[in-house]
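These notes concern the structure reproduced below.
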Amino acid sequence: MKLYQRLHPGVNLGPTDPESHEEAEEKIFGFWIFLMSDLVLFSVLFATYAAMSIQGVAQGPSPKDIFDLSPVFLETMVLLASSFTFGLAILELKYRKNQRRLALWLTLTGLLGALFVGLELNDYRILLAEHGAAPQTSGFLSAYYLLTGTHALHVSVAIIWLIVLAVQLATLGPVGPVKLRLMRLALFWHMLDIIWIGIFTFVYLYGVVL
Amino acid sequence: MFGRLTWDSLVFSGAIENPSASEFVASGAGSVVVLGGIALFILLAVMKWWRPLWTDWLTSVDHKKVGIMYIVLAIVMFLRAVIEAAVMRSQQLAAYDGAGYLSADHFGQLFTTHGTIMIFFVAMPFITGLMNYVMPLQIGARDVSFPRLNAISLMLTVAGAILVMISLVVGKFSTGGWTAYPPYTGIEFSPGEGVDYWIWAVTLGSIGSTLTGINFAVTIYKKRCPGMNLFRMPMFTWTTLCTSILMIFAMAPLTAASLMLALDRYADFHFFTNGDGGNMMNFANLFWLFGHPEVYILVLPAFGVWSEVVSTFSGKRIYGYTSLVCATMCIAVFSFCVWLHHFFTMGQSAGVNAAFGIATMLIGIPTGVKIYDWMLTMYRGRIRFTVPMLFHINFLFMFVLGGSTGILLANPTIDFQVHNSLFLVAHFHNVIIPGVLFGMFAAVQFWFPKAFGFRLHEGLGRKAFWFLAPGFVLAFFPLYWIGMMGATRRTATWADPAYHIWFAIAMLGAAMILAGTALLIAQVVVSVKRRKELAVPLGDPWDGRSLEWSIPAPAPSWNFAVVPTVFSQDAFDAAKCNGTAYQAPAKYEDIHVPRNSAIAPLIGLFACASAFGLIWHIWWLAIIGFVMVWAVVIVSSFNLDTEETIPADVVRAQNEAFLEAVRNAPGVTRDDETSSANQGKAVPERHENRFAQNMKGNMTEATT
Ligand code: HEM
Ligand SMILES: [Cu+2]
């Protein structure tokens, strides 16, 4: 089978264009590899957190003292919803090609992402105000803020990226390169979702239970 | 406005305020940087080289030029770091019966910059540059997968190197060693800018390397020419692939560790501090999770070079290709399972130590396989003792010795005796100099004609070898001895007079290495002068075996006029044997190449400025630099027109002229390959045919 006959999943750039498919495959594959190295970074942060959340509590509060599951659950739902709307946006791009609907789904995705970051910042505010739990308090809290903060930073970057792509969709139109970028952003977005599930499980659920 | 930066931060103020030998040495080094910078500036202006420098080089995204720039960076940084090494040696010699002439603090900066530079700004750029130049040619590709990203990786590395150079003039560098262990490098024990220089220089370099790893892995997976399946790839490409995968996985822990250290220092976090729940063992874990694979990131490409060199200059296929590939992959995987041997003595249980000790020793097995394969490649080969081959034979002996002392160190009980002693310093220089550094020197001798169109002067190369190889032995073997006698590493002065003679021998060795380095420079200068008689425009001076030798030297910007199709390993050699080499293609097509772009140098510049701001707490500079980096990325992403086209006619004209020249050239045999008769058309060795009977397996594959 030729390379271009093995279509990659996701956005089809066009049914009969082997050349751009080959080019696309290379770019998307490269992005998968980038995601892998980003995952290594997060694994390292998870490992650090795993060690610190037990041994690094020092005089500060322990996970059990400060985590509250209900806002975190809300955040999880919001982020999952944003992944869902991003999926709808990609389907729109692929099948219906209705620019307005596409813009709508993308806007919704961006807003949900922003809401997620906002909720997380609110969590931080509560931690600081009610528990006096700053990153400077203990090794555990340093690791906690670094892990969740890196995730939040990734989401924020993804939102900026989304805005840039929205502008490009408007000015350059849904041309091949822009579609491809959108597809990569979608991969990135879904990966952040998966990482958040990890954070939800290992940081919050374990933190409250153990 | 200028943060912590004051006039007193300039290195020269130290010499004025409290004159001492140590301060004068520091000021001298600073002056060299400043005067060198000014001289370079004037030279470029006088020769009117600014414009070509910018348009032909700095903005280029051609993988060959990027590769060459990487190597130039590596060589410049090597000169600095090797001089520092000699200064350290002379201090240790001078410290007999006294304190020597350097302050302990200055000595600390010296071993830190020496180590940091050698690893991150010599060895890394050297292998990256070489992989950049050679790998796409070996797989028959037009370019790497992401040419602009490639240029960005280079410029980020350059930005890091510039920071280290600036530290000679403005402020001080860290004294925490290239490993920068906290809590010593924490803010409590190391206030000031030194550790911050280390953090940001290394971070920039490691981001660049991550991107390089991604780029090269994708290139090898996706851009091989038709017929080049994985098991037809030349060995150097294989090692490049494994190295790239190591880079993808290993650089992230380093980035994480250095950023956490930064958070500790800048924002009072507690990752690695003494109190408040900090855990400095975690730094050791993260650092060596990078650091151990790092040594294989460095040595695997060198192994690739050795494989190419030994088979070419033995006129034989590499022996045991499949076993070499498997060994390479084994090493790559094992390299992630041994990091703990770097801190056997730091308090984990005996069981853990034993497990990691055994894991470490296991790496000796695939490495041993490789050594045997290289030896058996020479067996019954027609060996030519060219400069790269001399380095190779030296490598075989020395690497076995260095590897053996590594196996000794892998035994925790022995490590308890000699860790942090000069024995360790002897061990790692013993593997890294004959293995990696000389590997890169051999690679330059080997591929230089491909890159520039003329060979390097053979005689001067030999002379350099005869200084470098014995110089290395003198410089480092005494350290095994005094290391066992108890001499500790990173120590500026010492008490036992029995060390004196050994330090003297080591100094002699270092001087010989300096002389050898000077000879290498002389070799390049002389070769440039005599480039007419050394010219090899036909591109195949060594009777090469892989695709890069099938094109003119220097290689045209589009690499291959028509993307080749291969049918076996050692594709070009096979083509020469069955008479299909140098055939004119039926049809030429337009070639698309990426356009030059200022993105990469701009990103490098702003990243450097931002890091400088961070180091000196000049917050506005840090923020503006950071924002500008991303502004460049975003703005340039709106430009979709990034390619230009080279018309088929241009390609045809050049290629036909090349083929015509090849047809008319007489060709040289291996006896004359170092003479001026060598124009790059090889009369291939028919050695393998003579042994066709013995090597049926080899032959059937080579001809099918
Ligand atoms: C070419 C001649 C070289 C000489 C004469 C030399 C000499 C030295 C000396 C004197 C030290 C300090 C030893 C001590 O701790 O007391 C040192 C440390 C070191 N060298 Fe070299 N070196 C050379 C090449 C290299 C190369 C090629 C590399 C790596 C690519 C390298 C990497 C290092 C490292 C990582 C350290 C440890 C720095 C630290 O302690 O933090 N050296 N070398
Ligand atoms: Cu190691």
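Protein chains in written order, with the working numbering: chain F, 1 to 210; chain G, 211 to 914.
Think of the CB as a built atom: it goes at the ideal place given N, C-alpha and C, for glycine as much as any other residue.
Given the structure is predicted, the values throughout are model-derived calculations rather than measurements.
Three-state secondary structure (DSSP) at residue i?
i	result
G:Ile-349	coil
F:Val-178	helix
G:Glu-743	coil
G:Ile-856	strand
F:Val-157	helix
G:Ser-232	helix
G:Phe-383	coil
G:Val-878	strand
G:Leu-245	helix
G:Leu-220	strand
G:Ala-361	helix
G:Ala-791	coil
G:Ala-763	coil
G:Ala-784	helix
F:Ala-152	helix
G:Ala-705	coil
F:Arg-125	helix
G:Gly-612	helix
G:Glu-403	coil
G:Met-211	coil
G:Tyr-937	The structure shown does not extend to residue 937 of chain G, since chain G is modelled only from 211 through 914, so no value can be given for it.
Ordered along the chain, which non-local residues of its own chain (more than five positions away) have a Cβ less than 8 Å from that of residue i?
i	result
G:Phe-656	Val-515, Glu-518, Val-519, Thr-522, Pro-598 and Trp-752
F:Val-208	Pro-63, Lys-64, Phe-67 and Leu-69
G:Ser-807	Thr-269, Val-271, Arg-358, Ala-361, Ser-846 and Thr-852
G:Leu-600	Arg-672, Phe-675 and Ala-679
Around the Cβ of residue i, are there at least 16 other Cβ atoms within 10 angstroms (buried) or fewer (exposed)?
i	result
G:Lys-797	exposed
F:Ile-194	exposed
G:Glu-294	buried
G:Asn-484	exposed
G:Trp-217	exposed
G:Phe-607	exposed
F:Met-191	buried
G:Glu-339	Here residue 339 of chain G turns out to be Gly, not Glu, going by the sequence shown. The residue in question, G:Gly-339, is buried, as its Cβ has 16 or more Cβ neighbours within 10 Å.
G:Trp-830	exposed
G:Ala-817	buried
G:Leu-709	Correcting the residue type first, residue 709 of chain G is Tyr in the shown sequence and not Leu. Under this definition G:Tyr-709 is a buried residue.
G:Ala-765	buried
G:Leu-253	exposed
G:Gln-793	exposed
G:Leu-373	buried
G:Arg-261	exposed
G:Asn-439	exposed
Below 6 Å CB to CB, which residues in the same chain sit around residue i once its five sequence neighbours on both sides are set aside?
i	result
G:Asn-904	With a pLDDT of 43 at G:Asn-904, under the threshold of 50, the modelled position of this residue cannot be trusted, and the question is left open.
G:Thr-449	Leu-510, Pro-511, Phe-513, Gly-514 and Thr-538
G:Phe-331	Met-287 and Ala-371
G:Ala-390	Trp-408
F:His-131	Pro-61 and Ile-66
G:Pro-688	Trp-712, Ile-715 and Ala-716
Between which residues of its own chain and residue i is the CB-CB distance below 7 Å, once the five residues before and five after are set aside?
i	result
F:Pro-75	Position check: residue 75 of chain F holds Glu in this sequence, whereas Pro was assumed. Cβ within range, chain order: Phe-116, Leu-119 and Glu-120.
G:Ala-674	Gly-726, Leu-729, Leu-730 and Gln-733
F:Leu-141	Gly-60, Ala-133, Ala-134 and Pro-135
G:Leu-473	Phe-479 and Phe-481
F:Tyr-204	Phe-67, Leu-69 and Val-72
G:Asn-640	Met-608, Leu-611, Gly-612, Thr-615 and Phe-686
G:Phe-662	Pro-764
Starting from residue i, follow its DSSP beta bridges and name the residues at the other end.
i	result
G:Ile-801	G:Ile-856
G:Thr-698	G:Ser-631
G:Phe-664	G:Ala-745
G:Ala-892	G:Val-878
Shorter than 8 Å from the beta carbon of residue i to some beta carbon of chain C?
i	result
G:Phe-356	The chain inventory of the structure shown lacks chain C, comprising the protein chains F and G.
Can you find a heavy atom of ligand 3 that lies under 7 Å from the Cβ of residue i?
i	result
G:Trp-549	Questions concerning ligand 3 fall outside what the structure shown contains, since the ligands it does hold are ligand 1 and ligand 2.
Which whole runs of the beta strand (DSSP E) in the segment 282-340 of chain G are 3 residues long or more, in chain order? none
My parser needs the beta strand (DSSP E) runs of 3 or more residues fully inside the segment 462-503 of chain G; what are they? none
Please specify which runs of the alpha helix (DSSP H), each continuous and at least 4 residues long, are wholly inside the segment 33-78 of chain F, giving them in chain order. 63-66
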